[in-house]
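Accompanying notes for the structure given below.
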Amino acid sequence: MDACDSRTRAYKNGKTFDQCRVIAKSISSQLEKKIEQAGVVTWKEILEVVDHDELVYKLTLKYLREDGYNIGDWKTPQVVKSTA
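The opening position of the sequence shown corresponds to residue 266 in my numbering, with each subsequent residue numbered one higher.
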């Protein structure tokens, strides 16, 4: 997977911010299916799926939160389906 670097204006491997958003949106839809099956996805698993790409990782968590998932915090680093 190509990586995007959020620290510079020119992203790694020529990816634009919009391309990183598209990648994150597709990964979040894959993870939603996994959450429905397993009930939980850890932050570590998400990092591995996004190939340790910080920008795509943060965008993926953002999209999961927007879709109604509880993305946890530093005490519970996992994503679960919200009960509310």
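Just so you know, even glycine gets a beta-carbon here, dropped at the ideal spot from N, CA and C. Being a predicted model, the structure only gives us computed values, none of them experimental.
query, result
"Three-state secondary structure assigned by DSSP to V315", "coil"
"Backbone secondary structure at K280 - three-state DSSP", "coil"
"Proximity below 8 Å, CB of L296 to CB of V314", "yes"
"Residue closest to F282, alpha-carbon to alpha-carbon, out of L312, T307, D318 and V344", "D318"
"Pair within 8 Å by beta-carbon distance, T325 and I292", "yes"
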